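Residues 0 to 326 (numbering that gives the first Met the number 0) are what the sequence shown spells out, left to right.
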Amino acid sequence: MDRLAIVVPCYNEEEVLPITVPELNKVLKDLAAKEKISQDSFVMYVDDGSSDRTWEFIVSCHEEYEQVFGLKLAGNVGHQFALTAGLLTAKDLADVIISIDADLQDDITVIEDMIDKFHEGKDIVYGVRNDRKKDSFFKRTTAQGFYKVMAMMGVRTVYNHADFRLMSKRAVEQFSKYTETNLFLRGMMPLIGYETDCVYYERGERAAGESKYPIKKMIALAWNGITSFSVKPISFITWLGMMIILLSIAAAVYAFGSYLSGHVVAGWTSLILSIWFIGGVQLFAIGLIGQYIGKIYIEVKHRPRYNIETVLADEYYGMDNAKAGKR
Ligand code: UDP
Ligand code: MG
């Protein structure tokens with residue numbers, strides 16, 4: 000039977016984990032009882048450098064429940080890296096891996112459907128929100144606008160899918176070969192190319208605590224998604240430059256024509272405006288190209304994407320659960 004690993008990135012989640020841990024333990028127990036996954040399946044909580052008592056809580060749960068594993072990162076590296084750390088660590092211990100946020104906004108009852116699709120032979124199963132009524136108006140419109148802009152930029156993503164997904168071991172194995180530093184997981188997974196499917200659910204509210212994705216982080220994620228996957232912005236400015244050249248030629252023809260017919264176009268306003276305009280366009284263009292050069296700079300350094308401080312998983316210690324006196 001297949002061993003399931005659920006990977007949960009946690010950043011300052013001490014409020015929600017006391018709710019999440021028993022819920023996910025129950026999911027594992029139910030699925031194991033139905034013989035859909037093996038008894039030794041586990042949940043790996045990844046502590047993304049939390050400053051509260053998240054890690055202490057994970058440690059105490061690991062001591063109490065045999066299905067709770069932990070991974071502590073040295074410092075806060077952000078959701079995408081924390082998730083990658085979890086996936087790459089869990090893949091060595093499990094046959095199938097599901098990633099989910101700590102706040103239970105994603106419906107854990109569809110985990111069973113995901114496993115069923117996995118048994119039907121799918122390698123990646125995306126969790127798709129078909130209803131965001133419970134998200135705030137702001138979150139909903141910005142998030143949906145984001146998926147539309149991504150599509151416009153030619154980035155293949157699954158509409159309304161975040162990072163709630165199932166991946167087979169071989170899919171994660173394949174993903175581990177994508178060693179880029181500018182990570183945008185939901186854009187990368189469709190590149191893997193194995194057979195995929197979707198399960199649909201209604202997105203709920205955060206079970207407790209506050210969003211760890213303020214508007215600044217959301218914009219950074221969106222911008223990173225676009226610039227990591229698409230060079231359309233650069234071709235856009237090339238076109239813009241060409242348009243402006245054509246426009247200036249037209250203006251020159253007009254001015255010269257007026258001059259020939261005896262009407263000199265007077266004044267400096269139009270002159271200074273055009274200088275400001277073209278100056279602005281140039282700065283914008285250079286800035287945009289700079290963004291891509293910045294990415295190349297980050298990418299060539301090829302620094303480690305995360306550093307692991309501690310792994311709490313029985314395999315790592317060769318410890319026997321029964322002997323350790325766990326439930
Ligand atoms: N998260 C993380 N590192 C960060 C920020 C967030 O690991 O720097 C985790 C967080 O603990 C949660 C998930 O990413 O499990 C999604 O965050 P959140 O629910 O706050 O985002 P939202 O649902 O509001 O977009
Ligand atoms: Mg959330």
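Glycine included, C-beta positions come from ideal geometry on N, C-alpha and C. Remember, predicted model here, so these are calculated numbers, not experimental data.
GLY293 and THR19 have their alpha carbons spaced roughly 38 Å apart. For TYR44, the shortest separation between its Cβ and any heavy atom of ligand 1 does not lie below 7 Å.
At a cut-off of 7 Å, the beta-carbon of ASP29 does not count as near ligand 2: no heavy atom of the ligand is closer than that.
The residue from GLY77, VAL15, ALA89 and ILE36 with its alpha-carbon nearest to that of THR53 is VAL15. The distance from the Cβ of ARG185 to that of ASP134 is about 17 Å, inconsistent with a contact at the 8 Å cut-off.
Closest option to MET151, judged by alpha-carbon separation, among ILE285, VAL230 and ARG169: VAL230.
By the C-beta criterion, the stretch 120-138 is judged not to be in contact with the stretch 21-36, since fewer than 3 inter-stretch pairs fall below 8 Å. In chain order, THR180 and ASN181 place their CB closer than 7 Å to the CB of ILE297, counting only its own chain and leaving out the 5 sequence neighbours on each side. With three or more CB-CB distances shorter than 8 Å, the stretch 56-73 counts as touching the stretch 302-312. Here TYR44 has VAL7, CYS9, ILE57 and GLY69 as same chain residues with Cβ atoms under 6 Å from its own Cβ, once five neighbours each way along the sequence are excluded.
A distance criterion of 7 Å places the beta-carbon of GLN104 in contact range of ligand 2, judged by its closest non-hydrogen atom.
Fewer than three beta-carbon pairs drawn from the stretch 219-229 and the stretch 107-115 are found closer than 8 Å, and the two stretches are therefore not classed as touching. Taking 8 Å as the cut-off, the beta carbon of ASN11 is found closer than this to the beta carbon of LYS211. In the DSSP assignment, ALA284 falls outside any beta strand (DSSP E) and lies within the alpha helix (DSSP H) extending over 268-300. Judged by DSSP in its simplified three-state form, ASP196 adopts strand.
Between SER98 and LEU86, the C-beta gap is smaller than 8 Å, which places the two residues in contact. Around the C-beta of TYR64, 16 or more other C-beta atoms lie within 10 Å, and the residue is accordingly described as buried. C-alpha of ILE225 to C-alpha of MET149: approximately 6 Å in a straight line. A straight line joining the alpha-carbon of PHE183 with that of GLN79 spans about 7 Å. Counted as a single uninterrupted DSSP element, the beta strand (DSSP E) harbouring ARG128 occupies residues 123-130. Straight through space, the alpha carbons of VAL263 and SER257 are spaced by roughly 6 Å. For MET43, the beta-bridge partners assigned by DSSP are VAL6 and PHE68. Exclusion of the five residues before and after ALA101 leaves VAL7, CYS9, GLU12, VAL15 and THR19 as the residues of its chain whose Cβ lies within less than 6 Å of its Cβ. Residue environment: ALA81 is assigned as buried (16 or more neighbouring CB atoms within 10 Å of its CB, all protein chains considered).
Around ASN75, the same chain offers ASP47 and GLY48 as residues with beta carbons nearer than 6 Å, after the five sequence neighbours per side are excluded.
For GLN38, the CB contacts under 7 Å within the same chain, skipping 5 residues up- and downstream, are ALA31 in chain order.
With a cutoff of 7 Å, GLY120 does not count as near ligand 1, since its C-beta is closer than that to no heavy atom of the ligand.
Sequence-distant Cβ neighbours of TYR146 in its own chain, meaning closer than 8 Å and more than five residues away, are THR156, TYR158 and ASN159. Annotation for ALA161: the continuous beta strand (DSSP E) segment containing it runs 160-167. Beyond the five residues adjoining it in sequence on each side, ASP94 comes within less than 6 Å, by CB distance, of ASP1, ARG2 and LYS168 in the same chain, given in chain order. Residue pairing for LEU311: DSSP places it in a beta bridge opposite GLY69.
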